[in-house]
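Residue 619 is where the sequence shown starts when you use my numbering, and the numbers rise one by one after that. See structure below.
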Amino acid sequence: ALDISEPADNTTVNGGEKKVKISGKTETGVLVYINGNQIIVDKDGNFTTSQDLNEGDNNFDIKATDAANNSNEVSRRVVFHP
């Protein structure tokens, strides 16, 4: 299981900080990657990270992989307008 609580797909960020918070929940003992970079998952399967935004479209591929190498992937698109 891989549930992304934020951001919603096709979110638009106007001005402000050039970052987006990505958070969600998966099962315990699962590895989570965002665009190929592993992020920290707590003992309950929760994760939160901030990712830098570029102007325009930003695509985030969030992938959870368990010990048996089963995986689930969710994509989120965030548009940034400075």
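Backbone N, C-alpha and C define an ideal beta-carbon position, used for all residues, glycine too.
#### Entry: Distance between A686 and L671 (C-alpha atoms, nearest Å)
For the purposes of this step, residue 671 is taken as residue 53 along the sequence shown, with counting starting at 1. For the purposes of this step, residue 686 is taken as residue 68 along the sequence shown, with counting starting at 1. Rounded to the nearest whole angstrom, the CA to CA distance from L671 to A686 is 33 Å.
### Where N653 falls: helix, strand or coil (DSSP)
Start at 1 with the first residue of the sequence shown, and residue 653 comes out as number 35. Coil at N653, not helix or strand.
### Task
Using alpha carbons as the reference points, say which of G654, D621, E645, T683 lies closest to Q669.
Counted from its first residue, the sequence shown places residue 669 at position 51. With distances taken between Cα atoms, Q669 lies closest to G654.
### Task
With distances taken Cα to Cα, identify the nearest neighbour of V650 among T629, N688, A626, N677.
To locate residue 650, count along the sequence shown from 1; it is residue 32. Checking every option, the nearest Cα to that of V650 belongs to N688.
### Query
K643 and N664: beta carbons closer than 7 Å?
Counting from one through the sequence shown, the residue named residue 643 turns up at place 25. Counting from one through the sequence shown, the residue named residue 664 turns up at place 46. Yes; because the gap between Cβ atoms is below 7 Å, this pair is in contact.
### Task
Find the nearest neighbour of G674 within the set D662, G633, V659, judged by alpha-carbon distance.
Your numbering for residue 674 matches position 56 in the sequence shown. Closest by alpha carbon: G633.
### Message
Just to confirm the assignment: which complete beta strand (DSSP E) runs, minimum length 3, are found wholly within the stretch 630-691?
### Response
637-644, 649-652, 655-657, 664-670, 674-683
### N-terminal and C-terminal residue of the beta strand (DSSP E) that D621 is part of
As a working note, residue 621 is residue 3 in the sequence shown. Per DSSP, D621 belongs to the beta strand (DSSP E) from 620-624.
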